[in-house]
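Visitor: Sharing a structure below in structure tokens format, with a few things to ask.
Protein chains: 2
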Amino acid sequence: MSFADEANSAVPTLPSTHSGIPTFLLEKAQKAKEGIFETRTKPANERQRLPVVPLGIERDEFTKALAELRGQLGAEHVEINDKPLKDGWYMEHPNTHDMMTILDEEELVASAVVYPGSTEEVQQVVLWANKYRIPIFPISMGRNLGYGGAAPRVRGSVTVDLGRRMNQILDLNPEDYTCLVEPGVSFYALYEAIQAKGYAHMWIDTPDIGGGSVLGNTIDRGVGYTPYGDHWACHAGLEVVLPTGDVIRTGMGALPGSNTWQTFPYGFGPYSDGIFSQSNYGIVTKMGMTLMPNPGGYESFMYTFPKEEDLGPLMEIIRPLRISNILENVAQVRHVIQALAALGQPRSKFFTGSGPIPAEVVHAAATTATAVGDYTWAYYGMAYGPAHIRAHKLALVDAEFKRIPGARRVDPATLPADEYFWARDRVAAGVPDIHELRWVNWTPNGAHVAFSPVSPIRAADATALFALGKRAHDRYGIDFFPAFCVGLREMHLIVEIVFDRDDGAARRAALDCLRDMIDEAAALGYGEYRTHLVLMDQVASTYSWNDGALMKFNERLKDALDPNGILAPGRCGIWPKRYRGRGWEMTRESGHVSEGSGVEPAGL
Amino acid sequence: MSFADEANSAVPTLPSTHSGIPTFLLEKAQKAKEGIFETRTKPANERQRLPVVPLGIERDEFTKALAELRGQLGAEHVEINDKPLKDGWYMEHPNTHDMMTILDEEELVASAVVYPGSTEEVQQVVLWANKYRIPIFPISMGRNLGYGGAAPRVRGSVTVDLGRRMNQILDLNPEDYTCLVEPGVSFYALYEAIQAKGYAHMWIDTPDIGGGSVLGNTIDRGVGYTPYGDHWACHAGLEVVLPTGDVIRTGMGALPGSNTWQTFPYGFGPYSDGIFSQSNYGIVTKMGMTLMPNPGGYESFMYTFPKEEDLGPLMEIIRPLRISNILENVAQVRHVIQALAALGQPRSKFFTGSGPIPAEVVHAAATTATAVGDYTWAYYGMAYGPAHIRAHKLALVDAEFKRIPGARRVDPATLPADEYFWARDRVAAGVPDIHELRWVNWTPNGAHVAFSPVSPIRAADATALFALGKRAHDRYGIDFFPAFCVGLREMHLIVEIVFDRDDGAARRAALDCLRDMIDEAAALGYGEYRTHLVLMDQVASTYSWNDGALMKFNERLKDALDPNGILAPGRCGIWPKRYRGRGWEMTRESGHVSEGSGVEPAGL
């Protein structure tokens, strides 16, 4: 049929042949490694040490407990974290700590890492944790860059690395456009599997950086850039190990022999999937995901706008276009400084003075160093469908955008192959990519951490958030990288602070800047949709309507589902009873806990 | 801008002028009333009686408790149900029982009805219920036709009629395309308010019958027929009174001063909205809803297919078209018998024999009595957008559908104004309607009850479910009305059994037929997405994977959130602890409980 034929002809293909997922990933990883994280100015921490054990657990008891777990899972699947913390980079992410730590690297470390190989083994780990009251912290693949990486919230937790052994695509259904994945399936792996099967009619959706877990990203409510960008809205069906060790399947998965687990998300009765996102109520071991039909063609476009004050009018233009789906994917409006950063070159190439890089330096550098040239705001978008359908939408967009004086449509034909535009093109076409990471080269030992408040799509809100971010960054002497992502009816301002992770003062400034912005944004009615591990208490505390009623409700659920408080204590600000009510880690300084410095949790 | 202009020109208008919502509703109601439920063969039950009190509550204590509540809410807002049960019809639905009862009308009745006027008064009612351990059953407007109407699950519960006094559209935002509604806002009222404001650029989505509550339908996970048909997916933000009396706001509503409660559904931390749908964990007092942008044009289409065995191939054609959004709204495939029923004439006009109406009689009558003429399956759909965009999709659909021999596109110009096609046209354009109800005239004292299993969109599944339904209907001598609704990746077979609600044998046959179908469908892996009040236990029991793990989880939540078990006990099969574990109402005969016949709940 004709639309399927168009779809087939429009499938994106990789620039080279790949012999299989592992090889492909290794090649891709090697290539990326050459451009990112080349140097670290300080030598890696070589300290040999005892593993950090969680507060309230005796070391002997801990050692005995781990020995028992080794007996259950096999010694090779339980690793004590008693070696120097390895530096890592994105595709070989360490699972013992946050590679991009905003605290001292030793702060939020795991005591041990365990590798269950099945849902049954996850149950065993959970029952074991209940027996010894040891906090466990599940990770899918441990990416989550900018939000805490693989680090546990409670120092000395046992990390449950699900992805290492549970990494299968359990089902890939070319008729229903669905799949069922385990925690270790990355966006790359899913993409590759679809290509390997020749299922050119199905697209995946990928976030900016494609090496993370599909399941992990989705339960953190991450987003991507095709029309299927709202990952949570696109999932269908979960298998969850509860903190008591029970296993449930949600939606139609609860009906034995059901053939609609991945095609109908809701099932019968309470739709409980949501409480397993951004929470610590269960360990998701399987997730269904819907896949996007190849739209039959696609076309990236980029517009630039000359002035800072174009931001407001642009947002007023974007809002109706986005809600009406004339703009079909997450609209990205990025500041020109990010075009510089995306070159992957150090800031020092453009500016060696102190304080934030001056605007005139940025504009001058953009003129000379980038293919697009100078501007203040860039819009990256994609139109989908056959050519005549795209033309309809692109004409509307063009007419609207050009109402802003000086608006310019960038001709993609003028852009070299390694221009950032093409990274956005790949991502918006569902092709995993890691070009985005280049901007961590902006500083030596580059790391990043995100501030991501939600706001209406309006001139006044865009302007207010831009001013708020700028003020805070200026206060701490930090370069300001604002990008506005328009979901559908709301936008997220995404500010990534890039900092030298080996520079304590830089880390401190970044953290203080973030804390200021969270409070200042909340005072204006803006809340974060997701945050870094060490900021979770603060962000959760801004959702305080009616005397903190929502958190009391969350805590009630936590106590009911996890009576021993073993699962990811503190994740998203939710503390189990035995950690609660002592002010522990609940202050502005919460991130800065060292062994012995925290208040002992109650009842341990 | 051009697309907005197109949108404005295409807005649907009502056939007559309306002077306001109440007048309009009265007019509409009067008009509909003339065609529906004209006669009831038996006189209404005139029995004057004591109110039914809930099992385990002493009558004196109950009387005292009600007096106390009267003091709090005002005497006029607490009604004891001690008068004869009033017959009713759709637009003036009684709130004391199920107007379309599948049991004796006196079975599932309320002891009293209370009318809170605010969230604070709902809290008062909840605290009162906890004090006296009286089961309360919240309704929005008490429609829910075919699924139990206004009846409570536990006989003698106090019905909390939210909609009578809490019926405001609290916000209607023409920039964000959102609204915030109370439980008493019907689809008609919302539609009217939008028209009254002149917001021609915003559409609502409406289910088949438009007189029900937007909020109530959505938390029951009802569906409609525009591209915004998945109501649950389109809601954004809830205010919920918990069974303990606490009030939470979900999503961004938990952030004081937030301006994104209706524009970003998720907020921060666990996304808890889902557990308040199809459950008894809270009383939803406010709900945000997103509204669809006027697509800039629309066009209904109808195809007919001659043979019963065309069903399978048609589903195989529909699946990729629907998933790819070439078919943009819920695809309806209906059997020709429904074209007869939709005429609003009694079955006796076509057939006076016993047993199900024979196929040849249906086909002969369709030929002579309907404007469309004879066929076996009809497809009702709508294309959205400007003309050239619609043409693209309609051409694809036409080519595909016509692969089935004898497929015929019906020319709407040949259809009279009262043809059912135009009711579907209105509904798919977001215009509330009640034409659909006409088919309850099929029998005297017509009522209906639904069987709605979920399946993949496949020939084999459509054929299996059709055969399953047909066998069961034949077994009980009931006319079979199958309609397949294709959501996106799944379809629901919707079977409405139309029965004489004053004929005990007919009710019994309908109920037995439903019970058989539920069990037989579950054995094949099909589960219901929603069900009638008296079938909830049975349907819930089919979601039994891993030794009923999901229900154990649901019960754990219920006990944590509603320790006294006062809120809608038994709704969706979830019983609070004090009612649980006694086999009470859990048998195949569960619906048939009379006062004194049930096992006393534990701990009352």
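If you're matching them up, the sequences are chains A and B in order.
Using this note's numbering, the first residue of the first sequence is number 1, and each one after it goes up by one.
Using this note's numbering, the first residue of the second sequence is number 1001, and each one after it goes up by one.
Yeah, the Cβ is synthetic: ideal placement off N, Cα and C, and Gly gets one too.
Predicted model, so just to flag it, every value in this text is computed and none were measured.
Tell me whether GLN332 (chain A) sits in a helix, a strand or coil according to DSSP, three-state version.
Guide: strand
Visitor: With a threshold of 8 Å between beta-carbons, can PRO1012 (chain B) be considered close to chain A, or not?
Guide: Only weak support is given to the placement of PRO1012 (chain B): the predicted model assigns it a pLDDT of 35, under 50, and the value that follows is read from those uncertain coordinates. Interface residue (Cβ-Cβ distance to chain A less than 8 Å): PRO1012 (chain B) is not classified as such.
Visitor: Kindly provide the ranges of any beta strand (DSSP E) runs that are 3 or more residues long and lie completely inside the region 228-316 of chain A, ordered along the chain.
Guide: 235-241, 247-249, 283-290 and 298-305
Visitor: If you run the structure through DSSP and keep just helix, strand and coil, what is ARG1322 (chain B)?
Guide: helix
Visitor: What are the start and end residues of the beta strand (DSSP E) that includes ILE1169 (chain B)?
Guide: 1169-1173
Visitor: Along the region 1450-1466 of chain B, where does the CB come closer than 9 Å to a CB of chain A? Name the residues.
Guide: Shown in chain order are the members of the region 1450-1466 of chain B whose Cβ falls below 9 Å from a Cβ of chain A: VAL1454, SER1455, PRO1456, ILE1457, ARG1458 and ASP1461.
Visitor: What residues of chain A sit near TRP1575 (chain B), judged by a beta carbon separation below 9 Å?
Guide: Within 9 Å Cβ-Cβ: nothing; TRP1575 (chain B) doesn't reach chain A, min ~12 Å.
Visitor: Just to confirm, is the Cβ distance from ASN1294 (chain B) to HIS1201 (chain B) under 8 Å?
Guide: yes
Visitor: For the pair the region 384-398 of chain A and the region 485-496 of chain A, tell me if three or more CB-CB distances fall below 8 Å.
Guide: Contact between the region 384-398 of chain A and the region 485-496 of chain A is absent, because fewer than three Cβ pairs lie under 8 Å.
Visitor: If you follow the alpha helix (DSSP H) that ILE209 (chain A) is in, where does it begin and where does it stop?
Guide: Careful: ILE209 (chain A) lies outside any alpha helix (DSSP H) and carries neither H nor E.
Visitor: Considering only residues of the same chain and omitting the five flanking positions on each side of GLU79 (chain A), which have a CB-CB separation below 7 Å?
Guide: ALA112 and VAL113
Visitor: Closer than 7 Å by C-beta to GLY253 (chain A): which residues in its own chain qualify, once you throw out the five before and the five after it? Chain order, please.
Guide: Excluding residues within five positions, the ones whose Cβ falls inside 7 Å are GLY237, GLU239 and TRP261.
Visitor: How long is the line joining the alpha carbons of TYR225 (chain A) and ALA428 (chain A), rounded to whole angstroms?
Guide: 5 Å
Visitor: Determine whether the Cβ of THR260 (chain A) lies closer than 8 Å to any Cβ atom of chain B.
Guide: yes
Visitor: For ALA1423 (chain B), which three-state DSSP category applies?
Guide: helix
Visitor: Between which residues of its own chain and GLY373 (chain A) is the CB-CB distance below 7 Å, once the five residues before and five after are set aside?
Guide: Only ALA366 and THR367 meet the Cβ criterion.
Visitor: Return no unless some Cβ of chain A is closer than 8 Å to the Cβ of LEU1238 (chain B).
Guide: no
Visitor: Starting from LEU1180 (chain B), follow its DSSP beta bridges and name the residues at the other end.
Guide: B:ASP1171 and B:GLY1288
Visitor: If we ignore side chains and look at the alpha-carbon of each, how far apart do TYR1281 (chain B) and GLY1245 (chain B) end up?
Guide: 11 Å
Visitor: Which partner residues of TRP203 (chain A) appear in the DSSP bridge assignment?
Guide: A:MET292
Visitor: Verify the CB distance criterion: does GLU520 (chain A) have a CB-CB separation below 8 Å to chain B?
Guide: no
Visitor: When the distance is taken between beta carbons, is PRO453 (chain A) closer than 8 Å to VAL154 (chain A)?
Guide: Cβ atoms of VAL154 (chain A) and PRO453 (chain A): not closer than 8 Å.
Visitor: Determine, for TRP1442 (chain B), whether the minimum Cβ-Cβ distance to residues of chain A falls below 8 Å.
Guide: no
Visitor: THR218 (chain A) CB to nearest chain B CB: under 8 Å?
Guide: no
Visitor: From GLN278 (chain A) to LYS86 (chain A), what does the alpha carbon distance come to, in whole angstroms?
Guide: 28 Å
Visitor: Give me the chain A residues within the contact set of CYS1572 (chain B), using Cβ-Cβ distance strictly less than 8 Å, ordered along the chain.
Guide: PHE268, GLY269 and PRO270
Visitor: Near LYS1393 (chain B), what residues of its chain come up, given a Cβ to Cβ distance below 6 Å and the 5 sequence neighbours on each side ignored?
Guide: Cβ-Cβ distances below 6 Å link LYS1393 (chain B) to ILE1326 and ALA1383 in the same chain, with the five nearest sequence neighbours on each side left out; the list follows chain order.
Visitor: Rounded to whole angstroms, what's the CA-CA distance from ALA510 (chain A) to ILE102 (chain A)? Just pull it up for me.
Guide: 8 Å
Visitor: Can the beta-carbon of TYR266 (chain A) be found less than 8 Å from the beta-carbon of ARG1322 (chain B)?
Guide: For TYR266 (chain A) and ARG1322 (chain B), no; Cβs fall outside 8 Å.
Visitor: Output the boundary residues of the alpha helix (DSSP H) element that contains SER1541 (chain B).
Guide: 1536-1542
Visitor: Could you check whether the region 471-480 of chain A touches the region 527-544 of chain A, counting it as contact only if at least three pairs of C-beta atoms, one from each stretch, sit closer than 8 Å?
Guide: Contact between the region 471-480 of chain A and the region 527-544 of chain A is absent, because fewer than three Cβ pairs lie under 8 Å.
Visitor: Under 8 Å by Cβ, that's how I've got THR304 (chain A) and LEU340 (chain A) pegged, so tell me the actual separation to the nearest angstrom.
Guide: So it is not a contact: roughly 14 Å between Cβ atoms.
Visitor: Of the choices B:ASN1445, B:GLU1061, B:ALA1129 and B:GLU1121, whose alpha-carbon is the least far from that of GLY1565 (chain B)?
Guide: B:ALA1129
Visitor: Taking three-plus beta-carbon pairs below 8 Å as touching, is the region 1199-1213 of chain B in contact with the region 1509-1528 of chain B?
Guide: no
Visitor: Do the CB positions of GLY1573 (chain B) and ASP1500 (chain B) come within less than 8 Å of each other?
Guide: For the 8 Å CB-CB criterion, GLY1573 (chain B) and ASP1500 (chain B) do not form a contact.
Visitor: Candidates B:ASP1433, B:PRO1313, B:PRO1358 and B:GLY1344: which alpha carbon is nearest ASP1461 (chain B)'s?
Guide: B:PRO1313
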